[in-house]
Structures are given as C-alpha cells and as structure tokens.
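Protein chains in written order, with our numbering: chain W, -3 to 385; chain H, 194 to 314.
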Amino acid sequence: MKAVTGIPVLDEVVEEFPESKTLTYWIDPEVEGNAFAMQTIYTNLERGFKCAYVTVTISPESVISEFEEFGWEVKEFENFEIVDLYSSYVGFPSKCKYNANPINLEEVEVLMKKVLEKFDIVFLPASSIIDVCGEEALRCIKDWCSLAKSIGKRVVLSFVAWPYSKEVKDGIIEISNALVKVGGIHHRVILGYYYGLVKADWKNVKSRAILFKLVRPGGVRAYIPKILVTGPYNAGKSSFVHAISNRAVSVDRLGTTVALDHGHLEYKGFSIDLFGTPGQERFDPILRMLGKEALGVILVVDSTKPETFPRAKQMLESVTHFGLPYVVAANKQDLPNALPPEEIKRRMVLPNDVPVIPISAVKGEGVYKVIDALLDLLIWREGEDELEI
Amino acid sequence: MSLRSELEEVLKELKATGDIEASAIVSRDGLLIAADISSNVNAEAFAAMSATMLGAAETAMSELGKGLPDRVVVESSDGKIVATGAGDRALLVVMTSPKANLGLILLQLGKASKKVEELLG
C-alpha cells in the first residue's frame, strides 16, 4: 500500500507520499496547523506504516490526547511510537522507549538515527526543535532528512513560520521535497483558513488554495462555506438539497420554499454548506441576499418544462456576477417527457464547457455527480492565485 | 357577504385600533389574499416578505426546540411590522406608525387572527 498525505484534495494532486521524501507543513503562527501532520501520521498508521512522532514542547500524554480529540486512537496502533524529547527537558523520567534530552544535541542525533532506521515515517516539529535547541538545530534537521532520503524513509515536518532568520526559512524550504502552506485569510480579523500545495518535486502540478476547517472528531476537512442552489419555481431545488444533504432544514409553506433551504454535506473529505433559494419571482429580494458571497452555483431546472428556461437563465445572471462557477442540474429525468441534457444546453444557449448533469432529485439519482462537477470547477479550474511562501 | 369582503371587514376593524398604517392577509406561501394597503406600498412584495419573515422565524424557533413563535415583531424608527399566524394556510401582518401602542395592537391582532382562521377554516 502507498503512503499518502491523508489531506483531502492534496492526495488527489500528489497521488502518493513516496519514500525518501520530506513533506513540510508551513504554518502561519496564528493558525492551528498541528492537525495536518497528525492527520498524515494517523492515515499512514491505518495503512500499516511504522510511524514515529517526535515531541519537544508538549508531554507524550498531551500528544496522545491531541490525537484522541480528533478521534484518532493512536494508542491502539502497535506501529506507533512517541519519541520523547520533552520529559528529560523538563526534568521528568520518560516513560517512552525512545527518549533523549534535547539540550544534548549529540544524544538526540544518536537517538534519531535509530528512530529513522526503525520507522517508515517520522514526524519532526521543526520549529519547536529550533525554539528549544537554537537555530543550530537546523543542521541536525537537515542531516536527518538526508539520512531519511538515503535509506528510503519519509519525514513529515511541521514548521510554524515565526520570524526566524532567513537562513532557517531557506534551509527548511531547501530540504522540503513537498511544501504545503497553511494560512489564514485576513480582513482585520481572521475570516477563515486555507491550505495549498506550494511544491511537490515528484509531481509537476499546481493546486489552488483550499479553505478548510478542523472538525473534532474528524480532522482537516476542505470547507466550502456556501453553494447556492437556485432555479425556477417547482424545479426541485428543495428536493435536491434534501436528497444530497446529511441534514437539511427548509422553510417551506404550502409546498413552496418561502425563505430558504439549508443543507450540510460531508463528501469526499469536503464539508459543504448548501443554500437553496425560493424560485418564485415575488421572493427575488431573498435570492439576491442569499447569493452574496457564494462560492459556486447549482442551477436546478425542470427538464420537462422548457418554458421555464428563460427564467432559469435570468436567475443565474442575477447570482453569478464576477464569474462564479456554476453547473446545471437537469432534474426530473425520471419523467417520460424529460429533455436530454444536450438539448437543454442548446435551448438555454449555454457555453459548451458548462456541465449539464441529468438527475432525478426525488429518486436521488445523479445528485452526487452534480457536486463532483462543481468541485471539479472549484478546485481544478486554472487558478490565478498561485501560492507563495 | 363574500369571503373576501368578510376578510376585508376584519382588516377594517383592526384599523380602528388606531396607528395601523397597513394590514394584509397573506397565504403562507406569500400570496396576497386581502389587503388594506395604500398604493405607495408594493403589496405583493410586502406579502411575500411577510411570509419569508414568519416562515424563517418559525423554522428557526422550532429547529432550536423552542416551539412555534406567537408572532414576529420588527421595529424601526419609521414604524413596526407585526406578523402572526392565522391558521395553517394564512398569516396576518400589520404595519404601524412608530409611536403605536404595541400592547393594544397585539391584543387586537390576536383576536383578528382567530377570526381569519375561522373564516378560512
């Protein structure tokens, strides 16, 4: 079995975490980024790899409980060991098989050689090691990464990007075969968190930044805060939201949505919130309000009612300013007089590359293909926002 | 007397409470059933948004496990809007002047809503 990063989307980009490679999570100080390395370690434990987790600034017990907060019972894995550089640093006897005092770098070097020989994947909290041992520890980290490279092991680094010297930052970038940046979106306060691949030397790919949230239990989930589900009256928007969501609420009266539908969906490592709009024209002020700050649009149309297509297009126009990606869900395909997707595209005069997906919301057929198509547009569309450290 | 004029009669009685600038009986899906509204207000939009407001408030309350709200009161310096259910299929909404005595209005509104519910039975 291949080793992987265990991070949603990232694994689809890099495909695997090959041996002899160093993977670095470069974390903005204000972001809680530990979970990334933990998720990589845990995913590979489950895949049977021998993993070691080095700790310097928190106790082995706290490491275990941090894992457990995400629902990752690392204690149950025989292939997991904590390398304890904490206990003797604070003057406690260590209960771990692998331990050393970080003040004595030579002792640590001997220990790490052993650890790298014994384990397939080793986690190093690079910035914490530098905090405790000083910047000269960078040399040791470099040595360990080279050793891992020469004997076919993998290293996961987590580097919290405090204002260290340029030498340290450049050194970390140099030893990283793959670099993933984890940052916050600032607008006076932090509005959200993102991660993205800066480089991976075994794959020539670029990915755009992906929003995420931490779920306990669960770990890192790619997060799409707002997908708008709109379309004409009686097209099946609410049915679609209910067919696809893990949980959903609707404000509907006498069979029609008067305010909104809200649905939440956990799918392929993504956490997605869907907002369904009313379809009737008298509710258009609500449509414009719900459309604000959506990341993508799903336009639901009734495939048996071509006379509603102009209204569908007009609704689309009012919510897709600024080139918002959208897909069309051609609903009610289970009815005999439903038009095929190609015919709908032709009659609506849509650009050729717009996905039109045949679905039946009431039967739940094809609904996930709509989400796949939209995720495709959102994640893989040529990004203009290239990431830099 | 037709149903429509009976409903309009309810709104007229309600207006006698004083400080009521507009009132309407609206189906739960936001269509106007009967109204006493001056022509400078868009009655259709007023009806639709009343249904949105009450519907959203009802769902918010019941999702939070607090049952159904008796009414929604919106206050601004230019006036107040009060929407209340009138049976399963309709709601009653009034727009008042800023200084209106809410206590009295709520009392009359409650009575009117029961009448509407009976009429639409």
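From the three backbone atoms N, C-alpha and C, an ideal C-beta is built for every residue, glycine too. Small disclaimer: the values here were computed from a predicted structure and weren't measured.
Backbone secondary structure at residue i - three-state DSSP
i, result
"leucine 224 of chain W", "strand"
"isoleucine 385 of chain W", "coil"
"glycine 319 of chain W", "helix"
"lysine 145 of chain W", "helix"
"methionine 108 of chain W", "helix"
"tryptophan 68 of chain W", "coil"
"glutamate 303 of chain W", "helix"
"proline 354 of chain W", "strand"
"glutamate 170 of chain W", "helix"
"glutamate 214 of chain H", "strand"
"threonine 252 of chain W", "strand"
"valine 296 of chain W", "strand"
"alanine 293 of chain H", "coil"
"tryptophan 158 of chain W", "coil"
"arginine 343 of chain W", "helix"
"tyrosine 229 of chain W", "coil"
"cysteine 92 of chain W", "coil"
"methionine 314 of chain W", "A small fix is needed here, since residue 314 of chain W is serine in this sequence, not methionine. Correct three-state label for serine 314 of chain W: helix."
"valine 10 of chain W", "helix"
Selection from the options that minimises the alpha carbon distance to residue i
i, options, result
"glutamate 277 of chain W", "W:Gly259, W:Phe236 and W:Pro228", "W:Pro228"
"valine 350 of chain W", "W:Tyr82, W:Gly292 and W:Ala122", "W:Gly292"
"tyrosine 189 of chain W", "W:Asn200, W:Ala174 and W:Leu210", "W:Leu210"
"leucine 107 of chain W", "W:Asp80, W:Thr253, W:Tyr85 and W:Val128", "W:Asp80"
"glycine 179 of chain W", "W:Ser172, W:Phe155 and W:Val10", "W:Phe155"
"tyrosine 85 of chain W", "W:Ser299, W:Asp24, W:Ala96 and W:Trp22", "W:Ala96"
"glutamate 206 of chain H", "H:Glu311, H:Ile218 and H:Ala305", "H:Ala305"
"valine 323 of chain W", "W:Glu57, W:Leu374, W:Met(-3) and W:Pro302", "W:Leu374"
"alanine 325 of chain W", "W:Glu77, W:His317 and W:Leu335", "W:Leu335"
"isoleucine 385 of chain W", "W:Pro213, W:Ala369 and W:Tyr191", "W:Tyr191"
"phenylalanine 32 of chain W", "W:Val0, W:Val52, W:Lys91 and W:Pro56", "W:Val0"
"aspartate 281 of chain H", "H:Leu196, H:Leu247, H:Glu201 and H:Ser232", "H:Leu247"
"asparagine 390 of chain W", "W:Ile3, W:Ser299 and W:Asn348", "With chain W represented from -3 up to 385, any question about residue 390 of chain W goes unanswered, as that position is not in the structure."
"lysine 110 of chain W", "W:Lys91, W:Val50, W:Phe66 and W:Gly275", "W:Val50"
"alanine 279 of chain H", "H:Leu312, H:Leu196, H:Ala209 and H:Leu300", "H:Leu312"
"aspartate 166 of chain W", "W:Lys138, W:Ile186 and W:Lys145", "W:Lys138"
"isoleucine 117 of chain W", "W:His182, W:Tyr82 and W:Thr20", "W:Thr20"
"serine 58 of chain W", "W:Lys199, W:Ser83 and W:Asn75", "W:Ser83"
"proline 302 of chain W", "W:Asn333, W:Gly319, W:Ala290 and W:Leu320", "W:Asn333"
Buried or exposed by the 16-neighbour rule on C-beta atoms within 10 Å, applied to residue i
i, result
"proline 89 of chain W", "exposed"
"lysine 328 of chain W", "buried"
"alanine 227 of chain H", "buried"
"isoleucine 126 of chain W", "buried"
"isoleucine 340 of chain W", "buried"
"asparagine 242 of chain W", "exposed"
"methionine 34 of chain W", "buried"
"valine 176 of chain W", "buried"
"asparagine 235 of chain H", "exposed"
"aspartate 248 of chain W", "buried"
"valine 267 of chain H", "exposed"
"isoleucine 147 of chain W", "exposed"
"lysine -2 of chain W", "exposed"
"histidine 258 of chain W", "buried"
"arginine 150 of chain W", "buried"
"glycine 29 of chain W", "buried"
"aspartate 271 of chain H", "exposed"
"glycine 87 of chain W", "exposed"
"alanine 209 of chain H", "exposed"
C-beta atoms of residue i and residue j nearer than 8 Å
i, j, result
"glycine 362 of chain W", "isoleucine 353 of chain W", "yes"
"serine 234 of chain W", "leucine 283 of chain W", "no"
"alanine 250 of chain H", "valine 265 of chain H", "yes"
"leucine 286 of chain W", "leucine 224 of chain W", "yes"
"leucine 153 of chain W", "serine 172 of chain W", "yes"
"alanine 157 of chain W", "isoleucine 23 of chain W", "yes"
"phenylalanine 13 of chain W", "tyrosine 38 of chain W", "no"
"leucine 256 of chain W", "serine 220 of chain H", "no"
"cysteine 136 of chain W", "glutamate 105 of chain W", "yes"
"isoleucine 275 of chain W", "alanine 239 of chain W", "This sequence places glycine at residue 275 of chain W; isoleucine is not what is there. Going by C-beta atoms, glycine 275 of chain W is not nearer than 8 Å to alanine 239 of chain W."
"lysine 420 of chain W", "glutamate 77 of chain W", "Within the shown structure, residues of chain W are numbered from -3 to 385, placing residue 420 of chain W beyond reach of any answer."
"isoleucine 268 of chain W", "isoleucine 206 of chain W", "no"
"isoleucine 294 of chain W", "leucine 371 of chain W", "no"
"alanine 48 of chain W", "phenylalanine 119 of chain W", "yes"
"serine 161 of chain W", "glutamate 131 of chain W", "yes"
Distance between beta carbons of residue j and residue i, contact taken as under 8 Å
i, j, result
"valine 297 of chain W", "phenylalanine 305 of chain W", "7 Å"
"isoleucine 60 of chain W", "lysine 46 of chain W", "The pair is not a contact, with the Cβ atoms about 17 Å apart (cut-off 8 Å)."
"leucine 225 of chain H", "alanine 217 of chain H", "6 Å"
"leucine 284 of chain H", "alanine 253 of chain H", "Leucine 284 of chain H to alanine 253 of chain H, Cβ: 16 Å. No contact."
"leucine 196 of chain H", "valine 309 of chain H", "No, leucine 196 of chain H and valine 309 of chain H are not in contact; Cβ-Cβ is about 11 Å, not under 8 Å."
"valine 237 of chain W", "glycine 272 of chain W", "4 Å"
"proline 98 of chain W", "valine 164 of chain W", "Going by Cβ atoms, the distance from proline 98 of chain W to valine 164 of chain W rounds to 17 Å, so no, they are not a contact pair."
Closer than 7 Å: residue i CB and nearest the ligand SAH heavy atom
i, result
"threonine 36 of chain W", "No copy of the ligand SAH occurs in the structure displayed, which carries no ligand at all."
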